[in-house]
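Chains as they are written, first to last, in this note's numbering: chain R, 1 to 471; chain P, 472 to 1297.
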């Protein structure tokens, strides 16, 4: 709940300025903008929802048999060695794997939709709804879970949510198979018809989050200037008030509240900076790096910093683009991403595709490590963060959406315990897992998400057994 | 109950004794003679300012006849039991229309539009309806003349558009404020309505950031560090033809004015479109080259490798070497060299919207060419300083030659800037406050840094951001008072220019002469003749007509391949140019409906089938096809009232009711099935939109509104989703006939236009209400309607010239006065 009455301290601040005001009126002022950063809500869970496209090698029959994604054992004693998730071993205590869920709404519903999976799937990942096939502006899918969370709790922070991506986006127009590009371009939907653009340039994201200024010194100088300007504005408003009618005075008071709020935020940033923790980037990024590795890590840096400074608590992050022909030299595989995903079910090529999957996952520990190092209160940020990583596709060779890759990292303020592999019963919608997470995040009023059929126990430990190759 | 009113006077024209046969009421049928009187309206016209023009007397009715009309025709639905439309008139008394002005105005509006009594219900003679409306108007206007209410609003803040224009007028640079300020809330169509302009920490932070960035952009930044700015091209923009601003001999690409922060080295990076599997879109074209130019001079020419692919180390990017560029705004273009001209003869003919399907981008037999996706400017590296720029020339009006001269020069510069930014003469306190920023910003060493910091403070100051209007100290609560001339000057300039007043206007106000009618008149005419008055088209008309909705419609490219971003831009420009002409040439506002001329460029002319227009530049043409005259024949309006794959007679009808008639239909009840859910085909044949609409309308609950809305839109069915003329819809012949709510029969656009022209009174009032709301920055309320009517009446004597509406508003009490508020209760 973010609608609240004023802080006592702020009333005192107003009085301290020599402003005489009827206090009951203050309480009647538009209240929803009051921020709670310093109160109980400060510990609220951070969310980073990451999408990787093209499914995983582990979703093929061969990959399942070889445990290329989901480990053989459920419960706690699972072996990650053969899995593309093996880079997460150091964060095992923070890892909850949910295997064997389906994203049915990414399937084709009619003959015209067959084959269009690449141009439909991304829109389904966080909405779990079925996109309307159109290249026009009449796009329709559903609200995404990150936005359902941000709409309820994002107002506590300066920026309710932020959307980041790695590959280029076009926003408008048609892509292929009769689908508007926007379905491929973003995973965040504020409503069924309201796609949110994603930011690709780390510098643009940086400026939005941390203000203008390339170096810490410049930003510090800017903060000083802004503080003195704010101080002066406060004085000017006090001077103006006496000349105006009552309702105009009230409006100015509102503005004065905002002045105080921004002053408070600046102080907060400065307090962080003087605490000696390396929370500032050494320098602002120049633009979009050529290297995928650098680009992804920069986007993770930004997310960790924004979480630490409590500027926003919700990120969605699209790490790939359907049909992308990018080559990832660091993965060891020289085949472009999309051709690699159409491996023709050949074992050697599936293994090659698994290398790419593993490389993508291997970038996540960088983020988790950053979060674990940031202390907040008596725990660290990884304890308070929910990272969702998954793909709305399963076996990309045949464009199916069964047994899709999905893992959760972080303890999300206790809703996850970690060190757990859960295998969903066949046919379980991924939506059930996302809905359960939303409830855990506090959005308990959300009754369903996409094709969800219920919730999913994310903490119960199943008995550790070797599983057959059913599926 | 039989009423037999007597004749009160014989009007000069048109009004004569009429016999109205009223349908049976209760058991008895009876007949009633109604006498329509006229003539007394002129003598009772309110004596508000500028309401002196003569006008034709309006017929009014004796009181008893008014009562009979209300009782017999209105109360059947609007009684306490039924309360249709949430309105009961059971205790409404026509004799006290002015005491119930809010309800009276609702009645007047519906009667004047001819929408009440509703279609299907019994209706009195049209003249009786008009006479009833006129009678109510007369009574209300008379009362308002005795006690005018100018209304009040709280202060406005600069919205995005006004902020950007004020900065341009102050510093001579264009800034993209959308990067800083949150979107403005629209209220009653407009983005400048004071009480909808909320505050938030995000907004304040936005103003602070804008002030910081703009002060650096204006003066240049010798400490600039490398950054990147990316310009995206709309995917739906055509890249086959020349782009405005780019050098001739090029096709497609982009041309922007970019503000370079410092002299130094910059790199330009272009990303090209790829086909879905990652190879270059347009790879079948060999020898394509991309040129980067600054102010028309080539700085780089890059070969495009047709084999380039996403899987290359640098992906789909091409980058120039470092290029030395001077600080300030420079026009930068990245465009392809044009290698051939004329129609392409290939197996498949390419369409304008060439990226509709990127899969064709490597297919033989379809001529495709590489397309630019985005354009990034990266830098500066190796900064060498800051050259002279327009912003610097404007700001640095003096140059200190020694440290001793610095404070005086700085004080002059800061005062000049602040006077213009604050839109008033300065007080010593103003200057002293700002000079502190000069001193701390420069730390006594750096003159320019000091000026920049003072400028930053000016741009963040409440005196700049807010348009505060100070009530006189003597104003008692509830009392009307006249605005100070300086506040009047700001109201004028933000109304006519969407920006701050210029020196001449401020001077007139500072001498307290602006309120003198002759001076005011002269200033208004001067301002209307200024190019800045084009904002009346690009801001007022665009918002009134909802042109912003055009961006939200992307017609299905498979059905409408001729439509793209470039055509949409041209459509919007056409509408703005028509309105600009009304402003500049002071023409009749009714030409919005009837103009037999319009403005087109080659693309739009081809779309409309108008011959002999070439090039990207717009030119005035006369419209040979009578169907296409006026707004109702313009692609902008017709497209934005469609959905992606079909026309929407409902949206078009709603647009006419809302925008032109000022009577929006009520929102649909919940759980109404969408039109898309009705069958698209029947008996092996695709259904026309009209047929689907008729099935949808079979539901009586829907029909009561849709029989009003739909015929308006169905009359425009000959215009397809993109506003192109058609004679078939889904294979069936277009049927554009229908019956207007008042019984007028419609046979297409011409008859609809005629029906609206015959109701021009209500169209002009709606226009005036909107113009007034935009001028005042507040919603127009029922107590403003007497002024609205007077303005329209007076404009009739001036052939409804645009300036007569502007002057009417500017001279109205609502514009010049305000009502002092009561103190808030403690």
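Glycine included, each C-beta is placed from N, C-alpha and C at the ideal position.
Between residue 942 of chain P and chain R, is the shortest Cβ-Cβ distance under 7 Å, so that the two count as touching?
yes
Roughly how many angstroms lie between the CA atoms of residue 506 of chain P and residue 563 of chain P, to the nearest whole one?
Summary for residue 506 of chain P: the model assigns pLDDT 36, below 50, so the residue's position carries little reliability; its value from the coordinates is reported in the next sentence. Their Cα atoms are separated by approximately 22 Å.
Report the residues of the region 666-691 of chain P with a CB closer than 8 Å to any CB of chain R, ordered along the chain.
669, 670, 671, 672, 673, 674, 675, 676, 679, 680, 682, 683, 684
Please report the straight-line C-alpha distance between residue 803 of chain P and residue 848 of chain P, rounded to a whole angstrom.
10 Å
Residue range of the alpha helix (DSSP H) that residue 562 of chain P falls in?
That residue, residue 562 of chain P, is in no alpha helix (DSSP H); it is neither H nor E in DSSP.
Exposed unless 16 or more other CB atoms sit within 10 angstroms - verdict on residue 334 of chain R:
exposed
Can you find a CB in chain P that lies within less than 7 Å of the CB of residue 226 of chain R?
yes
Tell me, which residues are paired with residue 1173 of chain P by DSSP?
Looking at the DSSP assignment, residue 1173 of chain P forms no beta bridge with any residue, so it has no partner.
Mind checking if residue 732 of chain P is an interface residue toward chain R, Cβ cutoff 7 Å exclusive?
no
Under the three-state DSSP convention, the category residue 472 of chain P falls into:
Legend: pLDDT at residue 472 of chain P = 39, less than 50; position of this residue unreliable, no value from coordinates given.
With distances taken between CB atoms, is the gap from residue 689 of chain P to residue 856 of chain P smaller than 7 Å?
no
Answer yes or no: do residue 1291 of chain P and residue 942 of chain P have a C-beta to C-beta separation smaller than 7 Å?
yes
For residue 625 of chain P, which residues in chain R fall below 7 Å Cβ to Cβ?
247, 248, 251
Looking only at C-alpha atoms, which of R/151, R/166, R/165 sits nearest to residue 159 of chain R?
R/151
Could you check the C-alpha separation between residue 930 of chain P and residue 685 of chain P for me, to the nearest Å?
8 Å
Chain-ordered neighbours of residue 259 of chain R on chain P, where CB pairs are closer than 8 Å:
675
Cβ neighbours of residue 437 of chain R in the same chain (closer than 8 Å, five flanking residues each side left out):
145, 386, 388, 408, 412, 415, 458
By how many angstroms is the C-alpha of residue 1137 of chain P removed from the C-alpha of residue 493 of chain P?
The predicted model places residue 493 of chain P with a pLDDT of 33, which falls under 50 and marks its position as unreliable; any figure quoted below should be read in that light. Roughly 29 Å between the two C-alpha positions.
Taking 7 Å as the cut-off, decide whether the C-beta atoms of residue 956 of chain P and residue 999 of chain P are in contact.
no
From the beta carbon of residue 84 of chain R, is the nearest beta carbon of chain P less than 7 Å away?
no
Can you check whether the C-beta of residue 1023 of chain P is within less than 7 Å of a C-beta belonging to chain R?
yes
Skipping 5 residues on each side, what residues in its chain have a beta carbon closer than 8 Å to that of residue 441 of chain R?
45, 47, 149, 153, 386, 412, 415
Which runs of the alpha helix (DSSP H) spanning at least 4 residues fall entirely within the region 985-1049 of chain P, listed in chain order?
988-1000
What are the residues in the region 777-801 of chain P lying within 9 Å of chain R by C-beta distance?
780, 781, 782, 783, 784, 785, 786, 787, 788
On the DSSP bridge assignment, give the partners of residue 1188 of chain P in chain order.
Its beta-bridge partners do not exist; DSSP assigns none.
CB contact below 7 Å: residue 1028 of chain P versus chain R
yes
Near residue 865 of chain P, which residues of its chain fall below 7 Å by C-beta distance, leaving aside the five closest residues on each side in sequence?
642, 643
Do residue 477 of chain R and residue 405 of chain R have their C-beta atoms closer together than 7 Å?
Since the first residue of chain R shown is 1 and the last is 471, residue 477 of chain R is not available in this structure.
Suppose the cutoff is 6 Å on Cβ atoms and the five residues either side in sequence are ignored; what does the same chain contact list for residue 1191 of chain P look like?
1197
Let me know the beta strand (DSSP E) ranges lying completely inside the region 826-910 of chain P, each 3 residues or longer, listed in chain order.
843-856
Min CB distance residue 749 of chain P to chain R below 7 Å:
yes
For residue 1057 of chain P, tell me which candidate among P/1007, P/1070, P/1035 has the shortest Cα-Cα distance.
P/1007
Tell me the DSSP secondary structure of residue 1283 of chain P in three-state form.
coil
By the criterion of Cβ-Cβ separation under 9 Å, what are the contact partners of residue 939 of chain P in chain R?
240, 243, 244, 248, 252
Evaluate residue 1279 of chain P with the Cβ neighbour count: other Cβ atoms within 10 Å of its Cβ, from every protein chain shown; 16 or more gives buried, anything less gives exposed.
buried
Can residue 961 of chain P and residue 938 of chain P be called in contact, C-beta distance under 7 Å?
yes
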